[in-house]
Amino acid sequence: MKHMRALNKKAARIEDYVASRTEDVVAMQDRPSSQQRPHVPMGCALMFTPGWEVDAAGGTAGLCQPVERDIYDCFVSCYWPAQVPDHLNNAPDWAAKCASATKDWRNLDLVFP
Amino acid sequence: MAISRLTILAASCAALAGFASAGTLYLPAYPAAVLVFDEAKAQIVDRIPLETGTPMSIRLSPDHKKIYVTTIDHNGIEVIDVATRKVINHFVLNTPTKQYRFFQGTPDPEGKLFYAVTKEITKFPEHYEVAKPKYTVIDLAQQKIVKTIDIPKEEEAQNQGDYGVGWIEISPDGKYLYQFGEKITILQASDFKVLDHIDLAQPDAPGMENVHFGSDLDLINSPGEHTGMFVWSDPIVHNRVFGLARFDLTTKQIDFKPIGPAPSGMAGIEVTPDKKWAYTVVSNGIHGNKRCEFWAFDLTSDRITQKAEVPCRTRFTLGISTDGKKLYIYGAGFDIEVYDAATLKYEKTWDLNNDVTYAGIVVIP
Chain U
174 MKHMRALNKK
184 AARIEDYVAS
194 RTEDVVAMQD
204 RPSSQQRPHV
214 PMGCALMFTP
224 GWEVDAAGGT
234 AGLCQPVERD
244 IYDCFVSCYW
254 PAQVPDHLNN
264 APDWAAKCAS
274 ATKDWRNLDL
284 VFP
Chain F
178 MAISRLTILA
188 ASCAALAGFA
198 SAGTLYLPAY
208 PAAVLVFDEA
218 KAQIVDRIPL
228 ETGTPMSIRL
238 SPDHKKIYVT
248 TIDHNGIEVI
258 DVATRKVINH
268 FVLNTPTKQY
278 RFFQGTPDPE
288 GKLFYAVTKE
298 ITKFPEHYEV
308 AKPKYTVIDL
318 AQQKIVKTID
328 IPKEEEAQNQ
338 GDYGVGWIEI
348 SPDGKYLYQF
358 GEKITILQAS
368 DFKVLDHIDL
378 AQPDAPGMEN
388 VHFGSDLDLI
398 NSPGEHTGMF
408 VWSDPIVHNR
418 VFGLARFDLT
428 TKQIDFKPIG
438 PAPSGMAGIE
448 VTPDKKWAYT
458 VVSNGIHGNK
468 RCEFWAFDLT
478 SDRITQKAEV
488 PCRTRFTLGI
498 STDGKKLYIY
508 GAGFDIEVYD
518 AATLKYEKTW
528 DLNNDVTYAG
538 IVVIP
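For the record, the sequence lines run as chains U and F.
For the first sequence, counting from 1, position 11 maps to 184 in our numbering; every step adds exactly one.
For the second sequence, counting from 1, position 215 maps to 392 in our numbering; every step adds exactly one.
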């Protein structure tokens, strides 16, 4: 079907729309489909999903209890670099002296931006 | 199977602790270790330090003699000898200009190669370029990637990198790889050529972990088989049914044993070693309305025999003891909650004093 081309503006818009659904760059606010999803390079880009304070519904019931249980899974892989230090690039040893975040959080290293 | 068996002395200790026969749990932990937990003593008996960073995945070799761990800090692989509990091989893939990310992987039967899906990130003076995930062959002796192959378009759905990559198994002769997702893809191990597909249905479980065609059922796996839970729907009315499936890695035959209608959220399934009982955690609702229940199944009659409400952790993994008499809930924290499998009642909490990662655990009888 590659020999077919859009002849008017509406057809061109449809063509652009179809292309936008298949190209590698997609808007972050788009609802991810199973075929194409925005990728977050190395997990260290900005992540605007809720952090410690609220869950995706705006409440706290969906958070780990206590919140320290969630520290490492947010730190490792650089998942929430705005809320916790960046594990992969700038602060890999942030938690090196702290085996249990809930109990030993005072041993977490200090990180200055 | 050359698995270290407990002695009579250990067995008597197990009986004292309430276990008829206890095993050993290998738990990947922060910041860079694998904890060795003795079920009978209910305590950490050893700690295997890792050289390359925080463990992100763990799996047992088919002969149960080695444990393969991948780490995230510099994208490393570590091989642990089960008998000595020592790291016998470790290396990282990262270079100053290239980083890699692991997504699933399996060693070959001889332990020489590691087949994986990886994503390569190349650092340039002013930007990074992130490549699409690729099939990857890593030589464990040379400690480097020896081959990468582009993933065909039709296989991208189950190789989406950060959004999920299907579990990979290898045939006993090392010739074929199987990737489990919405379908089972059969690949030629030498060049990752897609040979065939077996269509399946993908279980969906919002907010829950480890729901897949099974990495969790090592306890009942026979050599050359892969046993796990999967969800199946018929093509006419799309009625979803879950059950246990046994996939023969040599003949490629599936033996599917349906259990019942699939709930919306299931935290995997665990089966007792005698294959008579199965357990799962079912969740309904989200956030503040989320409620979880243990379901117990009698596999001899394919019936649900018992249900009991269990407190929902936001993120957790279901596990089972080596004798099938205790159920474990762990993950996102430093403890393991122990429940009695017969009554589904809470018994106690084992304090590991160390946060474990979400890499899963290895259970060795």
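Yeah, the Cβ is synthetic: ideal placement off N, Cα and C, and Gly gets one too.
Quiz item: List, in order along the chain, the chain F residues whose C-beta lies closer than 8 Å to that of Ala-268/U?
Solution: Listed along the chain, the chain F residues whose CB falls inside 8 Å of the CB of Ala-268/U are Tyr-207, Pro-208.
Quiz item: Mind listing which residues of the stretch 497-525 of chain F have their C-beta closer than 7 Å to chain U's C-betas, in chain order?
Solution: So the list reads Ala-509, Gly-510, Phe-511, given in the order they occur along the chain.
Quiz item: Ends of the beta strand (DSSP E) at Lys-452/F?
Solution: Per DSSP, Lys-452/F lies in no beta strand (DSSP E) segment and is marked neither H nor E.
Quiz item: Distance, Cα to Cα, Val-418/F vs Ala-439/F?
Solution: Their backbone Cα atoms lie some 5 Å apart in a straight line.
Quiz item: How about Pro-349/F and Gly-405/F: do their beta carbons lie closer than 7 Å?
Solution: Not closer than 7 Å, so no.
Quiz prompt | is_contact[Val-249/U, chain F] using C-beta, thresh 7 Å | solution = With 7 Å as the cut-off, Val-249/U counts as an interface residue toward chain F.
Quiz item: Quick one: is Tyr-245/U near chain F, going by C-beta distance under 7 Å?
Solution: Tyr-245/U has a beta carbon lying within less than 7 Å of a beta carbon in chain F.
Self-check item: Identity of the residues DSSP links to Met-443/F by a beta bridge
Solution: Met-443/F pairs with Val-459/F.
Quiz item: Below 8 Å, can you find three or more Cβ-Cβ pairs linking the stretch 347-363 of chain F to the stretch 424-434 of chain F?
Solution: Yes, since at least three Cβ pairs between the stretch 347-363 of chain F and the stretch 424-434 of chain F fall closer than 8 Å, the two stretches touch.
Practice problem: Per DSSP, which residues does Thr-477/F bridge with? Please list them. | Solution: Thr-477/F has no beta-bridge partner at all, per DSSP.
Quiz item: Can the beta-carbon of Thr-283/F be found less than 7 Å from the beta-carbon of Tyr-277/F?
Solution: Against a cut-off of 7 Å, the Cβ pair of Tyr-277/F and Thr-283/F comes out as no contact.
Quiz prompt | Proximal residues, the stretch 461-486 of chain F versus chain U, C-beta separation under 9 Å | solution = Those residues of the stretch 461-486 of chain F that come within reach of chain U (Cβ to Cβ, closer than 9 Å) are Ile-463, His-464, Gly-465, Asn-466, Lys-467.
Practice problem: Give a yes or no on whether the C-beta atoms belonging to Thr-526/F and Asp-517/F are separated by under 7 Å. | Solution: For Thr-526/F and Asp-517/F, no; Cβs fall outside 7 Å.
Self-check item: Residues sharing a beta bridge with Leu-212/F, DSSP
Solution: Leu-212/F is bridged by DSSP to Leu-204/F, Arg-224/F.
Exercise. Would you mind telling me which residues of chain F sit closer than 7 Å to Ser-273/U, beta carbon to beta carbon, in chain order?
Key: Contact of Ser-273/U with chain F by beta-carbon distance below 7 Å involves Phe-511, Asn-530, Asn-531, Asp-532.
Self-check item: Beta-bridge partners of Gly-189/U, as assigned by DSSP
Solution: In the sequence as displayed, the identity of residue 189/U is Asp instead of Gly. According to DSSP, Asp-189/U bridges with nothing at all.
Practice problem: Could you check which residue in Asp-432/F, Thr-299/F, Gln-365/F, Asp-316/F has the C-alpha nearest to that of His-267/F? | Solution: For His-267/F, the closest of Asp-432/F, Thr-299/F, Gln-365/F, Asp-316/F by C-alpha to C-alpha distance is Asp-316/F.
Quiz item: Leaving out five residues before and five after Ile-244/U in sequence, what residues of the same chain have Cβ atoms less than 7 Å from its Cβ?
Solution: Within the same chain, Ile-244/U has close Cβ partners Val-257, Ala-274.
Self-check item: Outcome for Leu-372/F when other beta-carbon atoms lying within 10 angstroms are tallied against a minimum of 16
Solution: Label assigned to Leu-372/F: exposed.
Quiz prompt | C-beta neighbour in chain U for Ile-254/F, strict 7 Å | solution = It does not: the Cβ of Ile-254/F has no partner Cβ on chain U nearer than 7 Å.
Quiz item: Using a Cβ-Cβ cut-off of 7 Å (strictly less than) and excluding sequence neighbours within five positions of Cys-237/U, which residues of its own chain qualify?
Solution: Asp-243.
Exercise. With 7 Å as the threshold, decide whether the Cβ of Arg-178/U is near any Cβ in chain F.
Key: With 7 Å as the cut-off, Arg-178/U does not count as an interface residue toward chain F.
Quiz item: Quick one, are the C-beta atoms of Val-155/F and Pro-273/F less than 7 Å apart?
Solution: Because chain F in this structure spans residues 178 to 542, residue 155/F falls outside the shown range and cannot be described.
Quiz item: Any idea if Asn-531/F is buried or exposed, counting beta-carbon neighbours within 10 angstroms, 16 or more meaning buried?
Solution: Looking at its Cβ environment, which holds 16 or more other Cβ atoms inside 10 Å, Asn-531/F is buried.
Quiz item: Can you list, in chain order, the residues of its chain whose CB lies under 7 Å from that of Thr-233/U, leaving out five sequence neighbours each side?
Solution: Taking Thr-233/U as the centre and dropping the five residues before and after it, the same chain places the C-beta of Val-227 closer than 7 Å to its C-beta, in chain order.
Self-check item: Contact the stretch 272-286 of chain U vs the stretch 499-506 of chain F: 3+ CB pairs below 8 Å
Solution: No, because fewer than three Cβ pairs between the stretch 272-286 of chain U and the stretch 499-506 of chain F fall closer than 8 Å, the two stretches do not touch.
Self-check item: Span of the beta strand (DSSP E) around Asp-285/F
Solution: Per DSSP, Asp-285/F lies in no beta strand (DSSP E) and is assigned neither H nor E.
Quiz item: Which residue from Gly-200/F, Pro-205/F, Ala-199/F puts its Cα closest to that of Ile-538/F?
Solution: Among Gly-200/F, Pro-205/F, Ala-199/F, the Cα nearest to that of Ile-538/F is on Pro-205/F.
Quiz prompt | Nearest-angstrom Cα separation, counted from Gly-343/F out to Phe-357/F | solution = Taking the straight line joining both Cα atoms gives about 5 Å.
Quiz item: How would you call Val-459/F, buried or exposed, if buried means at least 16 neighbouring beta carbons within 10 angstroms?
Solution: The residue is buried, with at least 16 neighbouring Cβ atoms inside 10 Å.
Practice problem: State the DSSP-derived secondary structure class of Glu-359/F, mapped to helix, strand or coil. | Solution: In the structure shown, Glu-359/F falls within a coil segment according to DSSP collapsed to helix, strand and coil.
Quiz item: Would Ile-249/F count as contacting chain U if we go by Cβ distances under 7 Å?
Solution: Chain U, which has a Cβ nearer than 7 Å to the Cβ of Ile-249/F, makes this yes.
Self-check item: Closest Cα partner of Glu-447/F within the set Asp-432/F, Thr-494/F, Arg-468/F
Solution: Taking only the C-alpha atoms, the option nearest Glu-447/F is Thr-494/F.
Practice problem: Assign Ala-519/F to buried or exposed, taking buried as 16 or more other Cβ atoms, counted over all protein chains shown, within 10 Å of its Cβ. | Solution: The residue in question, Ala-519/F, is exposed, as its Cβ has fewer than 16 Cβ neighbours within 10 Å.
Quiz item: How many angstroms separate the CA atom of Ala-209/F from the CA atom of Lys-263/F?
Solution: Ala-209/F and Lys-263/F: Cα-Cα distance of roughly 14 Å.
Self-check item: 9 Å Cβ cut-off: residues of chain F touching Ala-230/U
Solution: By Cβ distance, chain F contributes Ile-463, His-464, Gly-465.
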